[in-house]
Amino acid sequence: MKTIANLFFRLCLVCLTASLVFSCSAGRKFARQYAASADSLSVMVLFPPNVFVVNKKQDFTQESFYFAEAMNDTSLFHNSVLLPLLSDEQLIAPFRTAYLTELSNYGFRVYDADKMEMFSSLTSPSLQVNVAQIEVQEYETEYEDAISVGSDVYTKQIYLTGFNLGAWFELSPINQTNAQHFPVLFATNDITDRWNGYFTQRFLTGEIQYKLIIDSLKVADVQQFVAYLGRLYAAYTFDYLMNARINQQLPEEERGIHYYRYDPYEKRVFTIETDRFTEL
2 MKTIANLFFR LCLVCLTASL VFSCSAGRKF ARQYAASADS LSVMVLFPPN
52 VFVVNKKQDF TQESFYFAEA MNDTSLFHNS VLLPLLSDEQ LIAPFRTAYL
102 TELSNYGFRV YDADKMEMFS SLTSPSLQVN VAQIEVQEYE TEYEDAISVG
152 SDVYTKQIYL TGFNLGAWFE LSPINQTNAQ HFPVLFATND ITDRWNGYFT
202 QRFLTGEIQY KLIIDSLKVA DVQQFVAYLG RLYAAYTFDY LMNARINQQL
252 PEEERGIHYY RYDPYEKRVF TIETDRFTEL
């Protein structure tokens, strides 16, 4: 009886493994098909004119505001080291350029608002991507470094400036049969000061000291970070559309088991877990 039960368990395991392998294999095939046909889709991308700003370093309020408001009320920048040096254009421009360029690298025919009339005249399948909102935050984050010396534990609190960008996306299919309805999509990432620190002990006195070097964030670092996110979120956009198409083609019981990413430079398909859009 025990032998029969073991055989049944092994058979179930083999069937499950085979199903997962088939699902992954089929998903990769459909992913490559989607990537190969990406140039058949025209994509209009719209960007917001302003960025929402949150200064989490100030003491009184942490509500969002516009850069233009801070020009009339400088207290909104209280304790901030980066936000007073930034503007809407300094953040939106590198994000816009990187996002549009990267979508084109995936094969889509990409349009911006300047080509709205041309895009509106299309009768082929197309898509409108509305970057509905971009929000940036400056904040202080804390890290504790520690070392044990004999029975004593020494700690050092390290305070760093952090910068966060969050973006909300709305995808609207146009001229597509059996068009899907997509939820609002969200992505966010952070960058902080770079630092290097270590404990030392003075030879004569035995005193424990801490040596700390902080490479503080600069405007150029923030702009480079924002441009990187433009590329990354373009990849998220392509991956989301690709996976939506894959799930349409897979049997219902196999949908959503894997989430695929396509690398347009190495022409490679692989699975990912968390590095992607969040559905709202």
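Here the sequence shown is numbered in my numbering, starting from 2 and rising by one per residue.
The C-beta atom is built at its ideal place from N, Cα and C for all residues, glycine as well.
Rounded to a whole number of angstroms, what is the C-alpha to C-alpha distance between residue i and residue j?
| i | j | result |
| --- | --- | --- |
| W196 | Q224 | 20 Å |
| F78 | Q59 | 7 Å |
| V44 | F200 | 54 Å |
| E255 | S173 | 25 Å |
| Y160 | T142 | 6 Å |
| A94 | N73 | 24 Å |
| G163 | D194 | 7 Å |
| Y107 | K268 | 10 Å |
| I215 | F109 | 42 Å |
| D153 | N165 | 37 Å |
| N51 | T75 | 18 Å |
| A69 | E90 | 12 Å |
| K157 | T238 | 41 Å |
| I258 | A180 | 22 Å |
| S26 | A37 | 17 Å |
| S81 | L92 | 16 Å |
| E274 | E280 | 14 Å |
| V22 | F226 | Caution applies to V22, whose pLDDT of 45 falls short of 50 and renders its modelled position unreliable; the model cannot decide the point. |
| F271 | V185 | 25 Å |
| D115 | Y211 | 55 Å |
| F183 | A71 | 35 Å |
| D240 | N190 | 18 Å |
| A39 | I148 | 53 Å |
| D321 | L230 | For residue 321 there is no data in the structure shown, the boundaries of the chain being 2 and 281. |
| G151 | D222 | 41 Å |
| Q202 | E64 | 45 Å |
| T62 | T124 | 49 Å |
Give me the Cβ distance between residue i and residue j, rounded to the nearest whole Å; I'm assuming they're in contact under 8 Å.
| i | j | result |
| --- | --- | --- |
| L218 | I192 | 7 Å |
| L47 | V220 | No, L47 and V220 are not in contact; Cβ-Cβ is about 26 Å, not under 8 Å. |
| Y140 | K57 | 4 Å |
I'd like to confirm the pairing. Which residues does DSSP put opposite residue i in its beta bridges?
| i | result |
| --- | --- |
| F53 | E136 |
| V270 | Y263 |
| K212 | Y199 |
| N165 | Q138, D191 |
| Y112 | M45 |
| I148 | Y155 |
| V130 | V46, L172 |
| E143 | Y160 |
| L186 | F170, E280 |
Taking the CB atoms as reference points, tell me whether residue i and residue j lie closer together than 8 Å.
| i | j | result |
| --- | --- | --- |
| F96 | A228 | yes |
| D146 | G207 | no |
| R246 | Y112 | no |
| V54 | L84 | yes |
| Y263 | G28 | no |
| I175 | Q249 | no |
| P265 | V132 | no |
| F278 | F204 | no |
| Q177 | P252 | no |
| M243 | A99 | no |
| I313 | Y155 | As displayed, the chain neither begins before 2 nor continues past 281, which places residue 313 out of reach and without an answer. |
Using a Cβ-Cβ cut-off of 8 Å, state whether residue i counts as contacting chain B.
| i | result |
| --- | --- |
| Y234 | Structure shown: chain B not included; a single protein chain is present. |
Does the pairing of the segment 167-175 with the segment 119-137 give three or more beta-carbon distances under 8 Å?
-> yes
If we count Cβ pairs, one from each stretch, closer than 8 Å, do we get three or more for the segment 89-107 versus the segment 220-236?
-> Yes, the segment 89-107 touches the segment 220-236.
Meets three-Cβ-pair contact criterion under 8 Å: the segment 106-125 and the segment 36-52 = yes
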